[in-house]
Amino acid sequence: MSAEMKLEDFKPACESNATKNGLLSKFNMDEILNCMHCGFCLPACPTYRQTGLESYSPRGRIALMKGVAKEQLPIDAEFEKNMFACLGCRACETACPAGVPYGSLIETAREVVVENEKQTNPKHVFVKNLVFKQLFPHPKRMKLLGTALWAAQASGLQSLAAKTGLMRILPREMAEMQQAVDQIASPRERKSRQTRMNPEGNKAYTVGMFTGCIMDVMFYETNQATAKLLSKAGCEIYFVEEQACCGALHAHSGEMPGAVELAKRNIEAFEKANVDYIVNNAGGCGAALKEYHHWFHDDPEWMERALRFVSKVRDANELLAELPPLTFNKPLNARITYQDSCHLAHGQGVRNQPRSLLRSIPGVEFVELKNADSCCGSAGIYNLTNFDMSMDILDDKMEHVKNTKAHYIVTSNPGCLLQMKQGIHRAGLDGQMEAVHIMDLLSRAL
Amino acid sequence: MYILENIQSEVKKETLITPELKQQFISIVGEKWYLDSPNELYAYSYDATPIFQSMPDAVIIPQTTQEVAEILKLANEHLIPIVPRGSGTNLAASTIPVHGGIVLNMNRFNQIYEIDQQNLTATIGPGVVTADLHGAVEAVGLFYPPDPGSMRISTVGGNMAQCAGGMRGLKYGVTKDYIMGLEYVLPTGEIMRCGGKNVKDVAGYDMTRLLVGSEGTLAVVTEITLKLVPLPETKRTLVAYYANLVDAAKTVEKIIANKIVPATMEFLDQGTMKVVDDFAKLNLPLDMKSMLLIEQDGPEDVVVRDIEKIAEIAKQEGAVEVKVADTLEEGAKLLAARRAALSALSRLRPTTILEDATVPRSRLAEIVQEVERIAEKYQVDICTFGHAGDGNLHPTCMTDERNQEEIHRVEQAFAEIFEAALRLGGTITGEHGVGAAKMNYLHLKVGEGGIELMKRIKEAFDPNNIMNPGKMFPSSTRRRLVVKK
């Protein structure tokens, strides 16, 4: 039976500023203890599958959080590496019988890392080092980074740019990077967008489009396609002004204060708009929007407003599946497969709706992709910060994608879409296969 | 009751692995596969056993038998403990480095070398994940029956070391019934073989059986030859719900008495049903006090006949509702949900402590009642589920490791459950092993003489006591372990 091991004595020799500053109280010890380390998450975790190492598994990361929370381990560069090596795909949450909210645990851990660094090391030396070591020596990564940064800047994301570890390098290096970036969207076109779109037929719902920041710059057409599909299905569409970035990238990077500010702006903007639903087409944003209430634990008033907001958030796939079937006039005559967005499947539990929508397009042969709900390695900015791991995961993914012999690999999130485009190139499938957002594909068949 | 104290601080003082030694280990496996940073060590300081934790001095991840031999030889010369480990899903603290030393992670031995369809055997590395083995042999119409709850995570090597059971134990037996041969390495670095592909082999002591279930205390296994059987033609799943616990237990006894041996007969009480339903969304009738989950496999006509008969018996014995799963998928979903029962129970309280006291199946109703009585007596929260068909129950206590007083009551309750199981002709552990968690109860089952003999066997294999010390029986040769009775 159980024995009790006293671990107090294996505290490392570390001077803990974290306790003094109350950082460690941010850890939710009840949830950490709810992980009974059974290991059911291990086979679901892409980084564990790649490495076979416990410290790259959800169980291992939670154990390390526990070690830090109990002051047996320091908050140091190694802990930072451990916490930021996670994709944040949350496949482990689906696998976890104990219902451990891993996504919020890892966000807290990253927040602790970032806050600790701000307090102890105002120059942010080691985040910078990480970025410098992982990014600057690699031209291809720089180009990718540049694209993301350009988008970030163009979409008014300066606060993110200024605050996240990745973007801290921005002011000095921006000019250099911009040279490596292609022109990807026209801000003028965005400005000329109508703010309202009429429903076809009887109005079913009033929908406020959550356009996203990077999404709206790089995938402006996808947002337009989404609006078109929803209006065909009977929705009156509003492009709500004053909305901001969802804050997911901030939260995932440990920049909680920034994330909370953005959440407040969005809640206010959509309260004014007074719509039935708040619809988005990016799994990553959607999961964050649906979890705003978790960001306001200490603020009852905002918590209530967040809950009202959250109750209206829908992924476009979800809402389209509830509305009367779309009429398609152009058969696609193609074989297609679907790569789940992690934050749509694991974060929001939306799995069947996109598949049903795809099957409803005439002339489509739908083939299920093996391990479709396993992360492609994109994971926000992970493919920039952990390039090698990301590419290993992508190459494994592309083996399965290749086996489907599909003409289209369909996704539901901009990050996944970019990653799949890169995957097609890496797998030598250029010209044979196209990566496409589900809303664009549905719209093409109208 | 016992308390293990101050282990890590003493390990630290002794610094088991000197820089020179570290270099020698690295020259065997390469830098990438030698881990000793604080966080890496911390990540191998636990397994799936609650409360137990202890830091190793290094984690080494070898890939070849030769590497294992060189590591063991070096460790043996320098008296460094070796703790072999697969995926770390152990429930008896068998893979926790309670004396520090080296965690020898065997998960790179993950190759299936051969599936021999003439001899019906598979030869594999010990790091193959059990469910991956299932997939590979079932693809050619063969079957490896042992299916511990952790089969999607655990390795066959780990299953072998603990002699893992599972849900098909009733009809098909457990891991030991399928291990035919082993390659293993002694602490001296000698590479040995025992058993093989022969169905009949009485040449000498049966070393294979001795090593199976030895919990890494004798040698490191580097290759396993397994027995396979033909894959059953079909299977069907049935659930029966009861308004009390005893009727379910009686149904189990009656089915066996009717000369039907189902592949699986699982028991879940109300508390377990609730959490499993919460996780797997099965729409179970949660007003019921217990349920049986029964599966039969074999030729179509036999399966249909047996399932009909089982349904009839269940109703006779007082089942409120009996339902046959419509599809194979539905059956598989029910069984998968049952496998998650232990972890799902940890939704209720921070700490989940599970035991696997086992009785002859004819005493099932009695042990179920005893567990209920004992939980009441010590005012602890115990849910019970388990392999009703083979008398292997999993009374699971939901508690909080931060509450010392409650943990003490939990320990008392489990001690009394062990006593009850032994009184009914049972054992202290059916399938999880002794490890560090139950070593102080072992004498109750095997006697002091039994323990002495086991120690002499261990000494023959491992005279320096480097192989997983502090497991199975309290070790007298290592003083760093402070044991308080």
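Chains as they are written, first to last, in my numbering: chain A, 60 to 505; chain B, 66 to 550. Note that beta-carbon positions come from the ideal geometry of N, C-alpha and C, so glycine has one too.
Problem - Proximity below 8 Å, CB of V424/B to CB of L489/B - result: The beta carbons of V424/B and L489/B sit closer together than 8 Å.
Handout entry: Where R373/A falls: helix, strand or coil (DSSP)
Key = R373/A: strand per DSSP, three-state reduction.
Practice task
Would you please verify whether the beta carbon of D451/A is less than 8 Å from any beta carbon of chain B?
Solution key: No, its Cβ sits nowhere closer than 8 Å to a Cβ of chain B.
Exercise for the section: Answer yes or no: does any C-beta atom of chain B fall closer than 8 Å to that of M95/A? Expected result: Yes, because at least one Cβ of chain B sits closer than 8 Å to the Cβ of M95/A.
Handout entry: Expected contact under 8 Å - CB spacing of S502/A and K287/A to nearest Å
Key = Right, the Cβ-Cβ distance comes to about 6 Å (below 8 Å), so this counts as a contact.
Handout entry: Residue from E441/B, T299/B and C228/B whose Cα sits closest to the Cα of L276/B
Key = Ranked by Cα distance from L276/B, the options E441/B, T299/B and C228/B are led by C228/B.
Practice task
Indicate whether the contact test is met: 3 or more Cβ pairs, each with one atom in the stretch 461 to 469 of chain A and one in the stretch 420 to 438 of chain A, closer than 8 Å.
Solution key: Result yes; three or more Cβ-Cβ pairs closer than 8 Å.
Problem - Buried/exposed call for Y397/A, threshold 16 Cβ in 10 Å - result: So Y397/A ends up on the buried side.
Practice task
Run down chain A in chain order and give the residues with a C-beta less than 7 Å from the C-beta of S152/B.
Solution key: Correct list: G98 and L101.
Problem - Residue span of the alpha helix (DSSP H) that contains A136/A, given as start and end - result: Element bounds for A136/A: A136 to F143.
Exercise for the section: Go through its chain and collect everything with a Cβ distance to H459/B's Cβ below 6 Å, but skip five positions before and after it. Expected result: Excluding sequence neighbours, H459/B sits near L419, D421, F450 and G451.
Exercise for the section: Output yes or no for whether 8 Å exceeds the beta carbon distance between A478/B and A440/B. Expected result: Going by beta carbons, A478/B and A440/B fall inside the 8 Å limit.
Problem - Given P115/B as reference, the closest of G278/B, A501/B and Q182/B once Cα atoms are compared - result: Among G278/B, A501/B and Q182/B, the Cα nearest to that of P115/B belongs to A501/B.
Practice task
State the beta-bridge partners of M268/A as determined by DSSP.
Solution key: In DSSP, M268/A forms a bridge with F298/A and V338/A.
Practice task
Measure the alpha-carbon distance for A244/A versus M277/A and round it to whole angstroms.
Solution key: Reliability of the predicted coordinates at A244/A is poor, the pLDDT of 48 falling under 50, and the value obtained from them is presented with this limitation in mind. Between A244/A and M277/A, the C-alpha separation is close to 6 Å.
Practice task
Could you tell me which residues DSSP puts in a beta bridge with V124/B?
Solution key: DSSP lists L100/B and V168/B as partners of V124/B.
Practice task
Please check if any C-beta of chain B sits within less than 8 Å of the C-beta of N445/A.
Solution key: Cβ-Cβ to chain B under 8 Å: no for N445/A.
Problem - Enclosing alpha helix (DSSP H) for N462/A [first to last residue] - result: Element bounds for N462/A: F446 to T463.
Practice task
Taking C-beta pairs closer than 9 Å, name the residues in chain A that I558/B reaches, listed in chain order.
Solution key: The question about residue 558/B has no answer, for chain B in this structure spans 66 to 550.
Exercise for the section: Please name the residue or residues paired with H496/A in a DSSP beta bridge. Expected result: Paired residue(s): T470/A.
Exercise for the section: Anything in chain B within Cβ reach of D15/A, meaning under 7 Å, just list it in chain order. Expected result: There is simply no residue 15/A to check, as chain A begins at 60 and stops at 505 in what is shown.
Problem - Cβ-Cβ separation, I126/B to W98/B (assumed contact under 8 Å), whole Å - result: At roughly 4 Å, the Cβ-Cβ gap stays under 8 Å, so W98/B and I126/B are in contact.
Practice task
Can you tell me which of the three DSSP states G246/B falls into?
Solution key: Of the three classes helix, strand and coil, the one that applies to G246/B here is strand, per DSSP.
Exercise for the section: Taking a Cβ distance cut-off of 9 Å, strictly less, list which residues of the stretch 98 to 111 of chain B are near chain A, in chain order. Expected result: Using a CB distance below 9 Å, the part of the stretch 98 to 111 of chain B facing chain A consists of L100, S102, P103, N104, E105, Y107, A108, Y109, S110 and Y111, ordered along the chain.
Practice task
Look at K300/B and E360/B and say whether their C-beta atoms are less than 8 Å apart.
Solution key: A contact, by the Cβ cut-off of 8 Å.
Handout entry: Cβ separation of H402/A and A346/A, assumed to be a contact under 8 Å, to the nearest whole Å
Key = 4 Å between Cβ atoms; contact.
Handout entry: Cut-off 7 Å between Cβ atoms - residues of its own chain near A49/B, not counting five sequence neighbours on either side
Key = Outside the modelled stretch of chain B, which goes from 66 to 550, sits residue 49/B, for which no answer is possible.
Practice task
Just confirm the distance between the C-beta atoms of L407/B and T416/B, as a whole number of angstroms; I'd bet it's less than 8 Å.
Solution key: Cβ atoms of L407/B and T416/B stay farther apart than 8 Å, at about 12 Å.
Problem - Span of the alpha helix (DSSP H), counted from its first residue to its last, around C151/A - result: It spans A150 to A154 - the alpha helix (DSSP H) in which C151/A sits, taken as one unbroken run.
Exercise for the section: Would you kindly work out how many angstroms separate the C-alpha atoms of I165/A and S116/A, rounded to a whole number? Expected result: Their backbone Cα atoms lie some 12 Å apart in a straight line.
Handout entry: Segment limits, alpha helix (DSSP H) that includes Y443/B
Key = Its alpha helix (DSSP H) spans residues L429 to Y443.
Problem - When D489/A, A303/A and D499/A are compared against A375/A, the one with the closest alpha-carbon - result: Taking only the C-alpha atoms, the option nearest A375/A is D499/A.
Handout entry: Boundaries (first-last residue) of the alpha helix (DSSP H) holding R252/A
Key = It is not in any alpha helix (DSSP H) - R252/A carries neither H nor E in the DSSP assignment.
Exercise for the section: With a 10 Å radius around its C-beta and 16 neighbouring C-beta atoms as the bar for buried, classify H473/B as buried or exposed. Expected result: Counting Cβ neighbours within 10 Å, H473/B comes out exposed, since fewer than 16 surround it.
Handout entry: Straight-line Cα distance separating A263/A from S411/B
Key = About 43 Å.
Problem - Beta-carbon proximity of A201/B to L251/B, cut-off 8 Å - result: Cβ atoms of A201/B and L251/B: not closer than 8 Å.
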